[in-house]
Amino acid sequence: MSAPELNAVSTYLLSLQDEICTALAREDGGGAFTEDNWTRDEGGGGRSRMLTNGAVFEKAGVGYSHVSGASLPPSATAQRPELAGKPFHATGVSLVVHPRNPYVPTTHMNVRFFMAGEGAEAVWWFGGGFDLTPYYGFTEDCVHWHQTARAACDPHGEKHYPRFKKWCDDYFYLKHRNEARGIGGIFFDDFNAPGFAPSFALQQSIGNAFLPAYLPIVQRRKATPYGERERDFQIYRRGRYVEFNLVWDRGTHFGLQSGGRTESILMSLPPLVSWRYDWQPEPDSPEARLSHFFLQPTDWANYHA
Numbered sequence: 044m045s046a047p048e049l050n051a052v053s054t055y056l057l058s059l060q061d062e063i064c065t066a067l068a069r070e071d072g073g074g075a076f077t078e079d080n081w082t083r084d085e086g087g088g089g090r091s092r093m094l095t096n097g098a099v100f101e102k103a104g105v106g107y108s109h110v111s112g113a114s115l116p117p118s119a120t121a122q123r124p125e126l127a128g129k130p131f132h133a134t135g136v137s138l139v140v141h142p143r144n145p146y147v148p149t150t151h152m153n154v155r156f157f158m159a160g161e162g163a164e165a166v167w168w169f170g171g172g173f174d175l176t177p178y179y180g181f182t183e184d185c186v187h188w189h190q191t192a193r194a195a196c197d198p199h200g201e202k203h204y205p206r207f208k209k210w211c212d213d214y215f216y217l218k219h220r221n222e223a224r225g226i227g228g229i230f231f232d233d234f235n236a237p238g239f240a241p242s243f244a245l246q247q248s249i250g251n252a253f254l255p256a257y258l259p260i261v262q263r264r265k266a267t268p269y270g271e272r273e274r275d276f277q278i279y280r281r282g283r284y285v286e287f288n289l290v291w292d293r294g295t296h297f298g299l300q301s302g303g304r305t306e307s308i309l310m311s312l313p314p315l316v317s318w319r320y321d322w323q324p325e326p327d328s329p330e331a332r333l334s335h336f337f338l339q340p341t342d343w344a345n346y347h348a
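In terms of this note's numbering, the sequence shown is numbered consecutively and its last residue is 348.
Below you can see the structure in the form of structure tokens.
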């Protein structure tokens, strides 16, 4: 298996962060990202970029990190005990976008690289993907999102998209509510089987597909009129996002347990959120259709109305 090239991965990830921030700021029409560069005592650091109170994006966080350490935290070795005590590098770009308009979906993207050990004995893999969390569903948006995801995967193997889609559906699932977080997308982890160069090429293809997947949806929905009802539902549904990130997300757990910067790890959380006790939407309403139709497992890439 070809040797991993950590510097090449870091260079790509930094350029990806630049590209995404530039595109989101342009789409916002005036919002600007602030940058926070940070370091950690155990090794490494990152740069966190935030856009807040924009015209289109109420909050958008795009973070790059490259952390290292003498030994792995428990969250990283629970399923891989053979890695316990090994030095490690973990680098990636992670973003969450919370739009202002309830008709524009929230989205998450992450591409990352992990290496434990050194030299010929090093263990490494790629992971990541992107997923979409609408508040009001539109079939054309779901189809576009998944067809773009499939197009990013297919040149690297036609088996990847079906596998990564199911992985995404299974991973971004709130087990305590028996409910999907959104309409999914693609998600993969522990990916290294073809060797470094083809694995890295797949990661780049997925990272580069995020903007073509998301921006057309933003452009279609950002001017849709909405009122207090839609806004209240958006803020209520954001609670599901918070629950998943804090209770189930491996990346959040790894970041906190590895001594990462807390503000950067939690920048994925929405600026406004609410919970209601046992609230149910009106039957046959657009709010009910979200759960009863759009959040059900669907082959969106081949969907025909």
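Glycine is no exception: its CB is placed at the ideal position from the N, C-alpha and C atoms.
Bounding residues of the beta strand (DSSP E) (the contiguous stretch that carries P142): It spans F131 to P142 - the beta strand (DSSP E) in which P142 sits, taken as one unbroken run.
Where G250 falls, given that 16 or more other Cβ within 10 Å makes a residue buried: buried
Residue range of the alpha helix (DSSP H) that includes H203: H203 to Y214
Runs of alpha helix (DSSP H) wholly within the segment 276 to 306 (minimum 4 residues, chain order): 293 to 300
C-alpha gap between S334 and A68, whole angstroms: Their backbone Cα atoms lie some 31 angstroms apart in a straight line.
Nearest-angstrom Cα separation, counted from Y279 out to V166: 42 angstroms
The segment 133 to 145 contacting the segment 308 to 319, beta-carbon criterion three pairs below 8 angstroms: yes
Coil, strand or helix - T65 by DSSP: helix
Contact under 8 angstroms by Cβ, R92 with V105: For R92 and V105, yes; Cβs fall inside 8 angstroms.
C-beta atoms of G294 and R83 nearer than 8 angstroms: no
Cβ pair G112, E85 closer than 8 angstroms: yes
A256 classed as buried or exposed, judged by whether at least 16 other C-beta atoms fall within 10 angstroms: Answer is buried; the Cβ neighbour count reaches 16.
At least 3 beta-carbon pairs within less than 8 angstroms: the segment 183 to 195 vs the segment 256 to 273: In short, these stretches touch, since the Cβ pair count reaches three.
Terminal residues of the beta strand (DSSP E) in which D184 lies: Segment T182 to C196 is the alpha helix (DSSP H) holding D184; no beta strand (DSSP E) there.
W168 to P198 span [Cα, whole Å]: The alpha-carbon atoms of W168 and P198 are separated by roughly 20 angstroms.
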